[in-house]
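Working notes, structure below.
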Amino acid sequence: MPDELKPTSAEDLASKVLERIEEEQVAPRPAWQFTWKNRLYWFLFALLVIMASCSLSALLFSLANAGWEFASVTNDTFADFFWSVLPSVWIVAAIVVLFLAYENFRQTKHGYRLSFLTAAGFGVLGVFVAGLALYAAGFGQVVDEQFGGRLPFYESTFSRQQSMWTKPDRGLLAGEIVDVDSSNMSFRIKTFDGQVWELSSVDLSPHSRDLLMSKNIVRVVGIIDSVDANGKPVFKPCFVFPWDVHGGRFPSPPPMPRVVIHVEVERKPDAGRSTDCKGVRPYDYLRRLQESRP
Amino acid sequence: MAESSAFKTDEEIVGIALTHKEFFGELVRRYQDRLGRYLRRLGVFRHEDIEDVLQNIFLKTYRNLNDFDRSLKFSSWIYRIAHNEAMSFFRSRSVRPEGFVLEDSETALEMLKSGLDSSFEAELALDSAHLSKAMAALDPKYRDVLVLRYFEDREYADISDILRIPQGTVATLLNRAKKKLRTSLSHLQP
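Structure, rendered in structure tokens:
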């Protein structure tokens, strides 16, 4: 019989193994090591699920505050808008972390028994529910801004929106209302780049004028009408929209106290309004958008 | 000690061996031949290598006795250790041998033949030599599940516990393995 098929006698091997156990002082590892190893895997799994949920909450915050209703105003095409607001960092982070969580789960005592689809299904559902809860609690904004502030390649949602809406040459301004002067039909707005604009409210609809009185942070869509004596462009506001924050609140510092100079003047709703704003694109859409809001 | 341990289950002996190491020898005696054959089927051929790997398996088993999960069969657990040790052995040699040994396994051969499509068996004259060649040509992940199912006669749940993969994956791998084996065998036929 060839050597490779010759069996070792059972007694020989058992004796050899017991001898080695004695000589090498092999001893069973204590049970607590295995218990804690399993607990560590579960802890890491939980941590990764929490991280995935945080990524999802930031993703939801980013999507909810992307300004979808203004896509045709801020960008030339919807595709442009879509790619500019797509929170790819959070999508990639959520997928990578969820995958790591699955791999970690497989290392737990019985984790391997669950198929990938079942584990992934439960994982995605769990992360989605947790992510939604975190988003609703305002945590998505915290994650978005903390990372926005720290990662060089990432721009937080507000920062991106503020850049998008500080383009007066494109007819876009946004910021904090400093004061409103009803008698002069003017108002002042401090934009996110720190500039203060004094703007006429003559061409604004009554709805827009009401918003100036009631809201602190607004978006203004308008046109560059002319240049003043100093050569500075004169921005003519046509539409005012509130800047609502979904799943969070406007970042600090808190808004300055506003000064409202209000003089009761009898005025017909559209009195004094020019037709210049009809040149704003997309005019009809913006009118419908404003009218559809409470 | 031999008489008292002979009637105890593997799981009972594990409990005793934690405090009385000499009882562990009974587990070695019970599993030496089975694991030796399993190692040969995985591709460990030389007698010296089989003995070395077997010693490593049993030492690792003893060291990790407290990690034995009583929801598993002990045989599945030790087979898992044996499989992992065989893979470590192949990694340390940087190669997995190409051959496949079909010795002392006529029952296994019959089981495998019946596991393949019966109409296929009727068309071809399956013999051990062809089967050995076809098995050797298979991807290791397919060969491993075929070996455990037909040569070690393990159920799907056991294979799942040994290889640490879901039962659904075991079924999928077995189906694919049988298809590939059929294709391989049809090419080997004159």
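As you go down the protein sequences, you meet chains A and B in turn. With the numbering used here applied, the first sequence has no gaps in its numbers, which climb one by one up to 294 at the end. With the numbering used here applied, the second sequence has no gaps in its numbers, which climb one by one up to 1190 at the end. Glycine included, every Cβ here is placed at the ideal spot set by N, Cα and C. Here the structure is a predicted model, which means the values were calculated and not measured.
Determine which residues share a DSSP beta bridge with residue i and list them.
i, result
"F235 (chain A)", "A:I224"
"A174 (chain A)", "A:R219"
"F1007 (chain B)", "Paired residues: none, contrary to the question."
"F241 (chain A)", "A:R219"
Quick check on residue i: does DSSP put it in helix, strand or coil?
i, result
"A71 (chain A)", "helix"
"R1176 (chain B)", "helix"
"V1044 (chain B)", "coil"
"L289 (chain A)", "helix"
"K167 (chain A)", "strand"
"V89 (chain A)", "helix"
"S1184 (chain B)", "helix"
"K280 (chain A)", "The identity of residue 280 (chain A) in the sequence shown is Val, whereas the question assumes Lys. DSSP places V280 (chain A) in coil when its eight states are reduced to three."
"V180 (chain A)", "strand"
"Y154 (chain A)", "coil"
"S303 (chain A)", "It is not possible to answer for residue 303 (chain A), since the shown part of chain A is limited to 1 through 294."
"F27 (chain A)", "The residue asked about is misnamed: residue 27 (chain A) is Ala in this sequence, not Phe. Here A27 (chain A) sits in coil by DSSP."
"G131 (chain A)", "helix"
"L204 (chain A)", "coil"
"R160 (chain A)", "helix"
"F139 (chain A)", "helix"
"T1169 (chain B)", "helix"
"R1029 (chain B)", "helix"
"G104 (chain A)", "It is Asn, not Gly, that sits at residue 104 (chain A) in the sequence shown. Helix at N104 (chain A)."
"A1122 (chain B)", "The predicted position of A1122 (chain B) is uncertain, since its pLDDT is 48 and thus under 50; a value taken from the coordinates is nonetheless stated next. Three-state result, A1122 (chain B): helix."
"T306 (chain A)", "This structure cannot speak to residue 306 (chain A), because chain A is shown only from 1 to 294."
"N1064 (chain B)", "coil"
"R249 (chain A)", "coil"
"N1056 (chain B)", "helix"
"S1071 (chain B)", "coil"
"A229 (chain A)", "coil"
"T118 (chain A)", "helix"
"D1153 (chain B)", "coil"
"I1013 (chain B)", "helix"
Between which two residues does the beta strand (DSSP E) containing residue i stretch?
i, result
"W197 (chain A)", "V196 to S200"
If residue i and residue j are in contact, beta carbons under 8 Å, what's the gap, nearest whole angstrom?
i, j, result
"L1174 (chain B)", "I1162 (chain B)", "L1174 (chain B) to I1162 (chain B), Cβ: 13 Å. No contact."
"P233 (chain A)", "V227 (chain A)", "6 Å"
"L173 (chain A)", "T191 (chain A)", "6 Å"
"V218 (chain A)", "P242 (chain A)", "6 Å"
"V89 (chain A)", "Y154 (chain A)", "5 Å"
"E69 (chain A)", "L289 (chain A)", "6 Å"
"R1063 (chain B)", "P28 (chain A)", "6 Å"
"Q980 (chain B)", "A1157 (chain B)", "The displayed coordinates of chain B run from 1001 to 1190. Any statement about residue 980 (chain B) would go beyond what the structure contains."
"L1027 (chain B)", "N1066 (chain B)", "Their Cβ separation, rounded to whole angstroms, is 15 Å, which puts L1027 (chain B) and N1066 (chain B) out of contact at 8 Å."
"Y1142 (chain B)", "Y1079 (chain B)", "That pair is no contact at about 18 Å."
"G126 (chain A)", "G247 (chain A)", "The Cβ separation is near 19 Å, so there is no contact."
"L1112 (chain B)", "Y1150 (chain B)", "4 Å"
"K109 (chain A)", "N38 (chain A)", "5 Å"
"I189 (chain A)", "V202 (chain A)", "Not confirmed; about 15 Å, so no contact."
"E198 (chain A)", "S186 (chain A)", "6 Å"
"C277 (chain A)", "I224 (chain A)", "Not really, about 12 Å apart at Cβ, beyond 8 Å."
Start and end of the alpha helix (DSSP H) containing residue i?
i, result
"F187 (chain A)", "Looking at the DSSP string, F187 (chain A) is not in any alpha helix (DSSP H); the run it does join, the beta strand (DSSP E), is S186 to T191."
"I50 (chain A)", "A31 to A64"
"S1022 (chain B)", "Just to set this straight, residue 1022 (chain B) is Glu in the shown sequence, not Ser. Taken as a continuous stretch (DSSP letters only), E1022 (chain B) belongs to no alpha helix (DSSP H), as it is neither H nor E."
"A1082 (chain B)", "F1074 to R1093"
"D80 (chain A)", "F78 to V85"
"H110 (chain A)", "H110 (chain A) -> no alpha helix (DSSP H), and no H or E assigned at all."
"K1133 (chain B)", "S1128 to A1137"
"S1161 (chain B)", "At residue 1161 (chain B) the sequence reads Asp, which differs from the Ser that was named. Its alpha helix (DSSP H) spans residues Y1156 to L1163."
"D1144 (chain B)", "P1140 to L1146"
For the ligand NAP, I want to know if residue i counts as a neighbour, meaning its beta carbon is within less than 6 Å of at least one of the ligand's heavy atoms.
i, result
"L1054 (chain B)", "Among the components of this structure there are no ligands whatsoever, and the ligand NAP is therefore not found."
Closer than 8 Å is the cut-off here; do at least three beta carbon pairs connect the segment 49-57 of chain A with the segment 123-134 of chain A? Two segments are said to touch when three or more pairs of C-beta atoms, one from each, lie closer than 8 Å; by this definition the segment 49-57 of chain A touches the segment 123-134 of chain A.
Are three or more beta carbon pairs between the segment 1078-1086 of chain B and the segment 41-51 of chain A nearer than 8 Å? Flag = no, the segment 1078-1086 of chain B and the segment 41-51 of chain A do not touch.
Contacting positions in the segment 1048-1080 of chain B - beta carbon closer than 8 Å to chain C: Given the protein chain composition of this structure (A and B), no chain C is represented.
Just checking, does the segment 11-31 of chain A make contact with the segment 1048-1064 of chain B on the three C-beta pairs under 8 Å criterion? At 8 Å Cβ cutoff, the stretches touch.
Evaluate the contact criterion for the segment 1175-1189 of chain B versus the segment 1133-1143 of chain B: three or more CB pairs, one atom per stretch, below 8 Å. Output reads yes: the segment 1133-1143 of chain B touches the segment 1175-1189 of chain B.
Using 8 Å as the Cβ pair cut-off and three pairs as the minimum, do the segment 277-287 of chain A and the segment 72-85 of chain A touch? These segments touch.
With three or more beta-carbon pairs closer than 8 Å as the criterion, would you say the segment 1038-1055 of chain B touches the segment 1004-1016 of chain B? These segments do not touch.
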